[in-house]
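Report on the structure given below.
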Amino acid sequence: MEHIITKANVDEAVAFVRAHAPVEDGALGLVLGSGLGELVEAIEDAVYVDYAEIPHMVSSTAPSHAGRFVIGSIAGRPVICMQGRLHAYEGNSPQQIAFPIVLMHALGVTELVVTNAAGGINTGFDVGDLMLIEDHINLLGANPLAAPDEPELFPRFYDMTQAYSPALRERAQRAAASCEIELKSGVYIATLGPSFETPAEIRAFRTLGADAVGMSTVFEVIAARACGMEVLGISMISNAAAGVLDEPVSIDDVYVAAEAAVEKLSRLLIACAGDSVPGTLV
Numbered sequence: 256m257e258h259i260i261t262k263a264n265v266d267e268a269v270a271f272v273r274a275h276a277p278v279e280d281g282a283l284g285l286v287l288g289s290g291l292g293e294l295v296e297a298i299e300d301a302v303y304v305d306y307a308e309i310p311h312m313v314s315s316t317a318p319s320h321a322g323r324f325v326i327g328s329i330a331g332r333p334v335i336c337m338q339g340r341l342h343a344y345e346g347n348s349p350q351q352i353a354f355p356i357v358l359m360h361a362l363g364v365t366e367l368v369v370t371n372a373a374g375g376i377n378t379g380f381d382v383g384d385l386m387l388i389e390d391h392i393n394l395l396g397a398n399p400l401a402a403p404d405e406p407e408l409f410p411r412f413y414d415m416t417q418a419y420s421p422a423l424r425e426r427a428q429r430a431a432a433s434c435e436i437e438l439k440s441g442v443y444i445a446t447l448g449p450s451f452e453t454p455a456e457i458r459a460f461r462t463l464g465a466d467a468v469g470m471s472t473v474f475e476v477i478a479a480r481a482c483g484m485e486v487l488g489i490s491m492i493s494n495a496a497a498g499v500l501d502e503p504v505s506i507d508d509v510y511v512a513a514e515a516a517v518e519k520l521s522r523l524l525i526a527c528a529g530d531s532v533p534g535t536l537v
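Here our numbering is used: the first residue of the sequence shown is 256, the next is one more, and so on.
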């Protein structure tokens, strides 16, 4: 595996981004999942930096993923947003997927919100529901930091007991209540893709304790926690997973569901960001 997450590479990328956009320490990091790119409309004073222009980064090729950083503010909180993420099914290495997360940390991000579109395994979920990720199961078959040690960036070994911050989940619940948005909670399981799962796999995942399934998020969260960031994960339930209903799974259904949920998720994220501005916690 190509080793690109090095102190020298990260420093070079930081210098490039800072030369092209104003970045404040303590910014909120945001990763937008499939079909959720329109959430950037909530970002004020936005400056755009394409991934392909940044040293050591690659661009996203997945549909609905613009492949750029959007830097600005939401509800008074500085924000660095990934409008589109990188996936392993695009042929990207785990390190390529994790690099922008390490970069955001080096740019001053202390809290990271990761979003995704996911298939509902839990039969109590409906399409359009928002699920707070309590924990995850990594079936991607790799770890982005299984590489030569980089002690200046993160420790060799790090705890994943609370990969998803209880404090940030509490903040999200508080924000959801203020917006009259119902939040579900559950465990996210990540697979390689790009094929959707089989009904037998979904039955196995349910036995493992998974509530939703997708093809992203886990590598990013591993990198974020290694760097010391607090993480909030939100899955938008875009479809019933294979075998839950007697109908095929379609990527078009994912995009339709994401489009319908964007407004709700946007309101939640704005409320969360406002709740995180110093002096506004209740």
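Cβ coordinates follow ideal geometry from the N, Cα and C atoms, glycine included.
Sequence-distant residues of the same chain with beta carbon closer than 6 Å to residue i, five excluded per side
i      : result
Ala268 : Ile309, Pro310, His311, Leu358
Ala479 : Ile356, Leu367, Val486
Val504 : Phe451, Asn494, Ala497
Pro403 : His258
Asp508 : Asn494
Asp466 : Ile376, Asn377, Gly441, Val442
DSSP-derived helix/strand/coil call for residue i
i      : result
Ser440 : strand
Thr370 : strand
Asp390 : strand
Ile525 : helix
Asp305 : strand
Phe380 : coil
Arg323 : strand
Ile298 : coil
Glu485 : strand
Ala495 : strand
Met399 : The sequence shown places Pro at residue 399, not Met. Three-state DSSP puts Pro399 in coil, outside helix and strand.
Ile335 : strand
Ser314 : coil
Distance, residue j Cα to residue i Cα
i      : j      : result
Glu345 : Gly322 : 13 Å
Cys434 : Ala526 : 8 Å
Asn377 : Gly498 : 12 Å
Glu437 : Ile356 : 29 Å
Phe271 : Gly464 : 42 Å
Val325 : Ala274 : 14 Å
Phe380 : Ala418 : 23 Å
Ala353 : Leu500 : 34 Å
Phe412 : Ile329 : 34 Å
Val304 : Thr462 : 42 Å
Gly339 : Met415 : 25 Å
Ala431 : Thr365 : 22 Å
Leu385 : Ile506 : 18 Å
Gly534 : Ala276 : Confidence is the limiting factor: at Gly534 the pLDDT is only 40, short of 50, which leaves the residue's position unreliable, though a coordinate-based value still follows. Between Gly534 and Ala276, the C-alpha separation is close to 26 Å.
Ser490 : Glu502 : 22 Å
Ala343 : Arg429 : 34 Å
Contacting residues, own chain, Cβ-Cβ under 7 Å from residue i (five flanking each side not counted)
i      : result
Gln351 : Ile259, Val313, Leu341
Gly327 : Ile298, Glu299, Asp300, Ala301, Val302, Val334
Leu294 : Leu287, Val517, Leu520, Ser521, Leu524
Val476 : Val369, His391, Ala418, Val486, Gly488
Gly363 : Val278, Glu279, Asp280, Gly281, Ala282
Gly383 : Ile492, Ala512, Ala515, Ala516
Ser420 : Glu485, Val486, Leu487
CB contact flag (residue i, residue j, <8 Å)
i      : j      : result
Met337 : Leu285 : yes
Val208 : Leu423 : The chain is shown only over 256 to 537; residue 208 falls outside these bounds and no answer can be derived.
Ala445 : Val473 : yes
Ser315 : Glu257 : no
Ala481 : Leu400 : yes
His360 : Met470 : no
Thr261 : Glu405 : yes
Nonlocal neighbours in the same chain, by C-beta distance under 8 Å from residue i, ignoring five residues either side
i      : result
Val468 : Ala373, Gly374, Ile376, Tyr443, Ile444, Ala445, Thr446, Glu452, Ile457, Phe460, Ala496
Glu296 : Ser521
Ala307 : Val313, Ser314, Gly322
Pro454 : Ala497, Gly498
Ala410 : The question names Ala, but residue 410 is Pro in the sequence shown. Answer for Pro410: Ala481, listed in chain order.
Ala263 : none
Distance cut-off 7 Å: residue i Cβ against heavy atoms of the ligand FAD
i      : result
Val468 : Only the bare structure without any ligand can be found here, which leaves the ligand FAD out of the picture.
Note to self: When you compare the stretch 381 to 397 with the stretch 440 to 453, are there three or more beta-carbon pairs, one atom per stretch, that lie closer than 8 Å?
What the structure shows: When Cβ pairs closer than 8 Å are counted between the two stretches, the stretch 381 to 397 is seen to touch the stretch 440 to 453, the count reaching three or more.
Note to self: Three or more C-beta pairs under 8 Å: does that hold for the stretch 449 to 466 against the stretch 395 to 414?
What the structure shows: No, because fewer than three Cβ pairs between the stretch 449 to 466 and the stretch 395 to 414 fall closer than 8 Å, the two stretches do not touch.
Notebook entry, point to check: Are at least three pairs of beta-carbons, each pair with one atom in the stretch 366 to 384 and one in the stretch 507 to 514, less than 8 Å apart?
Noted result: yes
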